[in-house]
Amino acid sequence: MTLTKIIKHFGLSTQSINDVADSHSSTVYRILLTHGEIVYIKIPFNKLKFHREVKAYSILEDRVSVPRLLDVWEGDDETAGALLLSELKGEPLTPKISTSLAYETGVYHASLHAIQPPPGMDLLHIDNEFPNWSEFVDRMFYGFAEDTIKVIEPSLYERSIQKYMDMKKELPAPDGPAFIHMDFRPANILVKNDQIIGSIDFESVRFGATEMDFSKIHRDFLSLDPSLYQAYQDGYRSIRPLIDLDHVLKFYRFTDAFNSIGWCQRRGIEKNRSFYEQNLALLKTELSD
1 MTLTKIIKHF GLSTQSINDV ADSHSSTVYR ILLTHGEIVY IKIPFNKLKF
51 HREVKAYSIL EDRVSVPRLL DVWEGDDETA GALLLSELKG EPLTPKISTS
101 LAYETGVYHA SLHAIQPPPG MDLLHIDNEF PNWSEFVDRM FYGFAEDTIK
151 VIEPSLYERS IQKYMDMKKE LPAPDGPAFI HMDFRPANIL VKNDQIIGSI
201 DFESVRFGAT EMDFSKIHRD FLSLDPSLYQ AYQDGYRSIR PLIDLDHVLK
251 FYRFTDAFNS IGWCQRRGIE KNRSFYEQNL ALLKTELSD
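To convert, note that position 176 of the sequence shown is 176 in UniProt numbering; the numbers rise steadily by one, no gaps.
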């Protein structure tokens, strides 16, 4: 019923409607209109994510390639709101690509990170966490710890807390402030004909330190082939300096796995069972190193 209401609000005449897979948080629909155009309707998980993504498009427009925000619906008592988005004509990034595309991925990621808080812009829904970055990292970790402790063995939890405290002491000074995607992974990066078409999904973005933004692209893509990893770094450095990834990745890979387990518990273990198992295995690997 909600989708019908949203389609009516946007004034769309549809041929077909399909769910979009691999959307971990929001609900996304691919809409084929009667005249052949494809658009997407995104229903964020809550009001904060709705407003954050709308603000992100206003910041990113004409800076990097992203879908066009065609319309918004502010929602009602049942629904947080909805975004109507244009189609980016590409496919999700896969490891079976050329080093030139890995290079372009680095260029694109660095272009996102080169965006700083716009002077004078109201950042009500996209927080600038950089001035208090250490406290933000603590808030994320210990916030998810309240959920993670419910679904992992006590000894694993205690070792995780100790490892976090030990590793955090060794971190270098944060790099920023920068626009960070927070979910920069292959499913959110679209490519076509050996070119980056753009990225999607801006409901978790912040201004903060760049080092938090590398763990997922490294986990799902860069770690699979050293030549892709090197090409990505070369592309990134063509736009802006790159932090010492080898120094910080272990910390952020570890915290991302730990936090993701808490996220699964928060959103429902059973419906996120695969993601939970994946991150539990990653956490155990990081703790064994």
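Every residue gets a Cβ at the ideal spot worked out from N, C-alpha and C, and that includes glycine. Nothing here was measured: the structure is a model prediction, and the numbers come from that model.
How close, in whole Å, do the beta carbons of N188 and S199 come, if the pair is a contact with beta carbons under 8 Å? 6 Å
State the Cα-Cα distance for the pair V260 and P131, rounded to the nearest angstrom. Before going on, a small fix: residue 260 reads as Ser here, not Val. So the alpha carbons of these two residues sit roughly 25 Å apart.
What runs of the beta strand (DSSP E), each 3 residues or longer, lie entirely inside the stretch 8-47? 14-19, 27-33, 38-43
In three-state terms, what does DSSP make of P154? helix
R185 and D220 - do their beta-carbons sit closer together than 8 Å? yes
Counting along the chain, where does the beta strand (DSSP E) carrying R206 start and finish? 206-208
At 4 residues or longer, and completely inside the stretch 65-142: list those alpha helix (DSSP H) runs for me, N to C. 99-113
On the DSSP letters alone, give me the boundaries of the beta strand (DSSP E) that K216 sits inside. Not the beta strand (DSSP E): K216 falls in the alpha helix (DSSP H), residues 215-220.
Return the chain-ordered list of same chain residues with a C-beta closer than 7 Å to the C-beta of K42, the five sequence neighbours on each side being excluded. S26, V28, A82, L83, L85
Can you tell me whether L242 is helix, strand or coil according to DSSP? coil
Rounded to the nearest angstrom, what separates V248 and L33 at their Cα positions? 46 Å
Out of G262, I196, D71, point me to the one whose CA is closest to K89's CA. I196
Would L60 and I31 be called neighbours here (beta carbons separated by less than 8 Å)? no
Determine the DSSP secondary structure at A178, reduced to helix, strand or coil. strand
Cutting at 7 Å between CB atoms, please list the residues of its own chain near E74, excluding the five before and the five after it. G81
Less than 8 Å between C-beta atoms, sequence neighbours within five positions excluded: which residues of the same chain meet that for S100? D194, A231
In the DSSP assignment, what are the bridge partners of K192? Q195
D77 versus I7: straight-line alpha-carbon distance, rounded: 17 Å
Short Cβ contact (8 Å threshold) for A114 with I239: yes
Check for me: the alpha helix (DSSP H) holding S274 runs from which residue to which? 273-288
Helix, strand or coil for P186? Go by DSSP, reduced to three states. helix
Between the CA atoms of L287 and Q162 - distance to the nearest angstrom: 10 Å
N-terminal and C-terminal residue of the alpha helix (DSSP H) that P226 is part of: 226-237
Quick one: Cα of P117 to Cα of K192, how far? 30 Å
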